[in-house]
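Visitor:
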Amino acid sequence: MNILGIETSCDETSASVLKGDFEILSNVVLSQDEIHAPYGGVVPELASRQHLTSISYVIEEGLRRASLDLEQIDLYVVTQGPGLVGSLLVGLSFAKALAYYHERPLIGIDHLQAHIESAFLETREIPFPVLALVVSGGHTSAFFLKKRMDYQLIGKTRDDAAGEALDKIAKFLDLGYPGGPVIDKLAEKGNPKEFTFGLPHMTDGSLDFSFSGLKTAALKYIRELKISKNHPKFLDFLASFEMSIIRALLANLAQAIKRCKPKSLILCGGVARNKKLRQRFKIFAQEQGLSFFMPSPEFCTDNAAMVAALGWEMFKGGKKPLLALDLNAYPRFPSLQKLSK
Ligand code: KG4
Ligand code: ZN
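Per the numbering used here, the very first residue in the sequence shown carries number 18; after that it's consecutive.
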């Protein structure tokens, strides 16, 4: 069984071919970072145009690396949402056309569920129940999975996503886009205890996240202390801000563990590439006595391998592929809640 996954939800055009359970034959990711860098963030119109330009090349390259042609693809899987609708529609329309022409089934998947699936790409045996933290540029959400493919959303950010907060502060400091990886690298040489940031917490007892307070506190430091690349404590500031986000994520996770009593933890999404977060998450999980799983960095940021893997899992589980032409894109959460049981 050969599965072709297509991902175009934000600013990465990606195609991946999987062979059954789970040999990754190819995973081509074409980033648009250079296109959006001058604007310090993703420009939706430019993103969809670039997907249009890249998609056939990326799919051809995915097939070439897998040494397969389209006639040998048995199942198509594509990201339906959440994401930028213009971008999603490029992948969706392409996938529909291919599935229709080649008379093969097509499955639409949810981007956040695909991020969680990325943990299963390299490890099949993850003990359930699982608590999964999806930390990306567009989302910061916690899911409880009693069993495989059973997603219960237990908390999400009420304002900025963690990656978005990193990207915005990096933009403000003129560090380029995306800011997360730049801060990750620079923060290595800084002292994370130099600047203090309060821990955000929800007064209503919910497990939601909030990062706008940390972002505002960071902006206040920047303005009051005139922090810039030349400031003597520049690296300390970045390390402290990065650590404040990590602390907020882990504090929320600790609350969620108390309520859900999982056996394993998953950390995934683009920000899960962050070295300090990975280290802290590992120590945290060990202290909690829980199994923990993090995808390799290449599978944390958007990629189509996780898309293909999720679609295949759903197909095996008996999900009926939709009539290819009925599939539509969705921009945000409500559909996700509908998708989960
Ligand atoms: O999952 P992803 O590729 O796209 C979304 O679904 O949003 O995540 C992109 C986010 C960006 O905010 C980027 O700055 C962040 O992941 N990111 C990182 C690192 N690599 C990517 N954040 C911190 N440290 C990194 N090494
Ligand atoms: Zn993502």
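We put the beta carbon where it would ideally sit given N, CA and C, even for glycine. Note that the structure is a prediction, hence the values are computed from the model and not measured.
Nearer than 7 Å: is that true of the beta carbon of P198 relative to any heavy atom of the ligand KG4?
Guide: Result yes, Cβ under 7 Å from the ligand KG4.
Visitor: Taking only runs that begin and end inside the region 56-113, name each unbroken alpha helix (DSSP H) of 4 or more residues, in chain order.
Guide: Taking only runs of at least 4 residues, the alpha helix (DSSP H) segments lying wholly in the region 56-113 are 61-83.
Visitor: Is L183 near the ligand KG4, judged by its Cβ being under 7 Å from some heavy atom?
Guide: Checking the Cβ of L183 against the ligand KG4 gives yes.
Visitor: Can you give me the start and stop residues for the beta strand (DSSP E) that C285 sits inside?
Guide: Segment S281 to C285, the beta strand (DSSP E) holding C285.
Visitor: Report buried or exposed for L266, applying the criterion of at least 16 other Cβ atoms within 10 angstroms of its Cβ.
Guide: That one is buried.
Visitor: Any heavy atom of the ligand ZN inside 7 Å of the beta-carbon of S313?
Guide: False, no ligand heavy atom lies under 7 Å from that Cβ.
Visitor: Could you name the residues whose beta carbon sits closer than 5 Å to any heavy atom belonging to the ligand ZN, keeping them in chain order?
Guide: Every residue passing the under-5 Å Cβ criterion appears here: S153 and D319.
Visitor: By a C-beta neighbour count over all protein chains shown, 10 Å radius and 16 as the cutoff for buried, is S245 buried or exposed?
Guide: S245 comes out exposed.
Visitor: Quick check: T174 and D127, are their CB atoms within less than 8 Å of each other?
Guide: Not in contact: T174 and D127 (Cβ atoms no closer than 8 Å).
Visitor: Could you give the DSSP three-state label for E257: helix, strand or coil?
Guide: Checking the sequence, you will find Ser at residue 257 rather than Glu. Note: S257 maps to helix in three-state DSSP.
Visitor: Considering only heavy atoms of the ligand KG4, does any lie closer than 7 Å to the CB of H365?
Guide: Any property of residue 365 remains undetermined from this structure, which presents the chain solely from 18 to 358.
Visitor: Would you say Q97 and L109 are within 8 Å of each other, going by their C-beta atoms?
Guide: Yes; because the gap between Cβ atoms is below 8 Å, this pair is in contact.
Visitor: Decide if L216 is buried, meaning its Cβ has at least 16 other Cβ atoms within 10 Å, or exposed.
Guide: The residue is exposed, with fewer than 16 neighbouring Cβ atoms inside 10 Å.
Visitor: Taking the alpha carbon of T233 as the point to measure from, which residue in A182, Y117, R264 and S65 has its own alpha carbon closest?
Guide: Selected option, being the one with the closest Cα: A182.
Visitor: So the alpha helix (DSSP H) G180 belongs to, where does it begin and stop?
Guide: It spans A179 to F189 - the alpha helix (DSSP H) in which G180 sits, taken as one unbroken run.
Visitor: Are there any heavy atoms of the ligand KG4 lying less than 7 Å away from the beta-carbon of N291, as far as the coordinates show?
Guide: Flag set: Cβ of N291 near the ligand KG4.
Visitor: Taking 8 Å as the threshold, find out whether the region 251-259 comes into contact with the region 138-152 through three or more Cβ pairs.
Guide: The region 251-259 is not in contact with the region 138-152.
Visitor: In the DSSP assignment, the alpha helix (DSSP H) including L236 goes from what residue to what residue?
Guide: Where L236 is concerned, the enclosing alpha helix (DSSP H) stretches over S229 to E241.
Visitor: Less than 8 Å between the beta carbons of S26 and D319, yes or no?
Guide: Taking 8 Å as the Cβ cut-off, S26 and D319 qualify as a contacting pair.
Visitor: Name the DSSP beta bridge partners of Q169, please?
Guide: DSSP lists F161 as partners of Q169.
Visitor: Within 8 Å, do at least three Cβ pairs link the region 44-57 to the region 89-105?
Guide: The region 89-105 vs the region 44-57: no contact.
Visitor: Is the region 147-167 close to the region 204-211, with three or more CB pairs under 8 Å?
Guide: No: the two stretches stay apart, fewer than three of their Cβ pairs being nearer than 8 Å.
Visitor: Kindly indicate which residue of P338, M331, A346 and N345 has the alpha-carbon position closest to the one of A131.
Guide: Answer by Cα proximity: M331.
Visitor: Please report the Cβ distance between I41 and S33, rounded to the nearest whole angstrom; I am assuming they are in contact, meaning their Cβ atoms lie under 8 Å.
Guide: That pair is a contact at about 7 Å.
Visitor: Leaving out five residues on either side along the sequence, give the residues of the same chain with a beta carbon under 6 Å from the beta carbon of P375.
Guide: Nothing about residue 375 can be read from this structure; the chain reaches only from 18 to 358.
Visitor: Using only the alpha-carbon positions, how far apart do P61 and L105 sit?
Guide: If you take the alpha carbons of P61 and L105, they lie about 11 Å apart.
Visitor: Can you find the residues in the same chain that come closer than 6 Å, C-beta to C-beta, to T30, ignoring five residues on each side of it along the sequence?
Guide: Same-chain partners within the cutoff: L47, H68, S71, I72 and V75.
Visitor: Shortest alpha-carbon distance to I274 belongs to which of H248, L307 and L192?
Guide: Minimum Cα distance to I274 is reached at L307.
Visitor: Leaving aside the five residues before and after W329 along the sequence, list all residues of the same chain whose C-beta is less than 8 Å from its C-beta, in chain order.
Guide: Excluding positions up to five away in sequence, the list reads M18, I20, L35, G37, D38, F39, L92 and V94.
Visitor: Is G207 closer than 8 Å to L170 when the C-beta atoms are compared?
Guide: Contact: no.
Visitor: Identify which residue in I23, R349, I300 and D50 has its Cα closest to the Cα of V199.
Guide: The option with the nearest alpha carbon to V199 is D50.
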